[in-house]
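Okay, so here's the structure we're looking at.
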Amino acid sequence: MANWHLIRRVIPWLGLVLLIVGAKLWLIDSVGSSLPVWDQIDGEGENAIRPYLENRLTLDDLWHPHNEHRIVFTKLYAIALTALNGQWDSYVETVGNAILHALFVPFLLLWVRRRVTGIPFATLATVVTVLWILPLDWENTLQGFQSQFYFLIWLSFLHLRGVLEADGFGWKWTLGQLCGLLVLGTMGSGLLSSLAIIAIVGWTCLQTRKISPFQLATLGLSALWATLGWLSRTHVPGHDYLIADSVGTALSGAAAILTWPMDGWLPFSIVFAAPLGWALWQQLRSRERPAFERTFVALSVWFLGIVATIAIFRVGGGALSSRYLDQFIIGLVLQGLALALIPHTRWRTLLISGWVAALALTSTTKVQQTWQDILQPRPANFAQQEANVRAYFATQDPSHLLNKSVNELPHPSGEVLLDRWQHESIQRVMPAAVRAPVAFPIVPTELTQELPPAPYPVIAASPAGTQIEPWTWTSPRQPATTLPMLRFRFNGALGDPESALSMRVVSDLGSIRVVPDGSAQNRWKTINVVRPEGEW
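Sequential numbering of the sequence shown, starting at 162, is according to our numbering.
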């Protein structure tokens with residue numbers, strides 16, 4: 162009975178995680194690509210994966226800054242997934258990111274449920290789930306490199322909870338302090354959780370006019386982590402244009418963040434944000450703050466620190482860039498939590514209802530704009546990028562990367578790609594979509610003439626006309642050094658239940674069936690398979 166009770170408690174949360182992961186996987190499948198892009202080229206490939214593949218990886222490589230940040234965990238994450246997968250594949254990273262992000266939802270909601278129950282909790286849980294599902298944060302969902310934001314959110318939250326919910330020295334406090342150190346290896350803003358703890362604990366000491374050894378240790382370690390985080394930042398001269406050029410610009414950026422996604426509904430956004438300000442004021446006035454309230458206030462201070470950081474240091478690049486939205490959603494959760502904590506039932510119901518309606522209207526509009534303006538063109542762009550990179554790896558001809566538009570390459574500079582991807586170690590682990598094709602023999606011309614035109618070499622085709630006799634095509638034996646992931650583009654009746662066609666990848670150690678999700682008559686489909694070990 163005890164086990165069944167535990168299962169009944171776990172199943173809803175597991176379903177919630179799977180729902181969010183499923184939505185993210187749909188987006189990745191619809192408009193994503195396995196090709197590493199933009200910051201991945203240097204942040205992961207040049208400064209982490211290639212040194213690892215060439216057996217020269219050092220701690221300096223992991224600690225080496227990427228722009229203003231120390232992205233140690235993102236580098237380790239990329240190296241680990243490349244080693245496990247056998248290729249440097251953005252699809253694998255984005256799937257891992259989807260799971261990492263989705264798992265944070267039950268962790269967050271279980272914390273909220275300590276103070277909010279009933280209909281307010283159900284409403285807030287629904288809003289959180291929808292915000293996690295909608296592709297507003299499309300950049301983080303579709304680019305494996307953006308794992309740094311998820312590591313930042315996870316470790317910052319664990320830091321705040323571990324330290325501020327501990328009543329004394331113990332495993333919870335120790336784990337929290339460890340997270341405070343580790344979060345410095347996620348992004349430059351990793352020091353903000355330490356500053357939030359200093360603010361809350363320091364304010365408590367000022368109120369009570371005394372400081373205990375436990376509080377002193379907490380303040381001391383938090384100050385140490387914050388100092389290390391500040392000293393580890395680097396200045397990138399090329400990013401000076403991102404910094405706010407005036408107080409007015411910074412305030413304008415902060416206002417845009419604080420009113421997102423209701424930036425066009427400024428009076429209403431202020432009304433809905435007012436309870437959060439009131440809740441913080443009440444908590445700061447109180448001399449007694451239980452564990453939940455301490456974390457609530459500190460998380461709010463952390464969020465305001467995020468707002469200030471972006472408004473000051475990143476406003477020139479757009480304060481509402483999609484990569485920042487996962488952090489802004491934490492602000493919306495805090496806003497909803499403050500609304501749910503209003504003691505007056507009628508006002509609480511009225512404000513929560515209006516808040517949900519306003520979020521639904523504004524978010525729907527933003528999702529439509531995002532889909533039409535950004536996401537819909539991406540598959541065509543990725544197809545062109547993959548074709549150019551695949552042609553370069555197959556021929557080693559630089560012309561496939563030079564003098565191309567920004568939409569035709571996975572990096573703004575073809576020269577940078579040539580420099581980074583000329584190395585055999587990197588070419589060997591590129592995803593199957595762009596690796597040099599396996600040297601299969603080409604089928605006779607008379608057979609290819611009957612097939613639809615394709616951007617890929619045709620390696621096999623059944624004899625023309627009606628078939629009444631069995632027919633088999635077998636490729637030459639391929640080496641065991643081929644990377645384990647194979648990608649096939651196929652056209653025809655393979656996968657059609659009325660067809661007797663079948664396909665296998667066979668080695669001396671095993672056999673893998675290539676089973677598509679349906680036939681591809683007069684169109685080209687893609688299927689990836691993990692080949693059996695050994696020569697095949």
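Built from N, CA and C at the ideal position, the CB exists for glycine as well. Since we're looking at a predicted model, the values are computed, not measured.
- For A387, the secondary structure class from DSSP, reduced to helix, strand or coil, is helix.
- Between the alpha carbons of D401 and G204 lies a distance of about 20 angstroms.
- Distance check between S355 and each of F375, L325, G331 places L325 closest, using alpha-carbon atoms only.
- With respect to the 8 angstroms criterion, A594 and S195 are classified as neighbours on the basis of their beta carbons.
- With contacts defined as CB atoms closer than 8 angstroms, L670 and P693 qualify as a contacting pair.
- Counted as a single uninterrupted DSSP element, the stretch harbouring L345 is not any alpha helix (DSSP H), since DSSP gives it neither H nor E.
- Linking E229 to W165 through their CA atoms gives a straight-line distance of about 49 angstroms.
- Non-local C-beta neighbours of P571 in its own chain, meaning closer than 6 angstroms and more than five positions away in sequence, comprise L196, V198, Q546, ordered along the chain.
- About 12 angstroms separates the beta carbons of V675 and W697, which is beyond the 8 angstroms limit, so they are not a contact pair.
- With at least 16 other beta carbons inside 10 angstroms of its own, I189 counts as buried.
- Contact annotation: P422 and S514 have beta-carbon atoms that are not nearer than 8 angstroms.
- Nearest in C-alpha terms to P658, of all of T643, L647, Q588, D678, is D678.
- The stretch 285-301 and the stretch 484-502 touch, with no fewer than 3 CB-CB distances between them shorter than 8 angstroms.
- Pairing I361 with P436 gives a Cβ-Cβ distance that is not under 8 angstroms.
- With a contact defined as Cβ atoms closer than 8 angstroms, I418 and V468 qualify at about 5 angstroms.
- DSSP places F310 within a helical segment (H, G or I) once states are collapsed to three.
- In the DSSP assignment, Q529 falls outside any beta strand (DSSP E) and within the unbroken alpha helix (DSSP H) covering 506-531.
- Going by C-alpha positions, E630 is about 47 angstroms away from L562.
- L218 carries a coil assignment under DSSP once its states are collapsed to helix, strand and coil.
- With respect to A459, A357 sits close: the two C-beta atoms are nearer than 8 angstroms.
- Scanning the stretch 561-596 from its first residue to its last, the whole alpha helix (DSSP H) runs of 4-plus residues come out as 575-581, 585-588.
- DSSP lists G671 as the beta-bridge partner residues of S668.
- Taking D406 as the centre and dropping the five residues before and after it, the same chain places no C-beta closer than 6 angstroms to its C-beta.
- Distance between I172 and S191, taken at the CA atoms: about 28 angstroms.
- Going by DSSP, Q682 is part of the beta strand (DSSP E) stretching over 681-691.
- Comparing C-alpha distances from M664 to each of T635, T335, T643, Q639 shows the shortest one belongs to T635.
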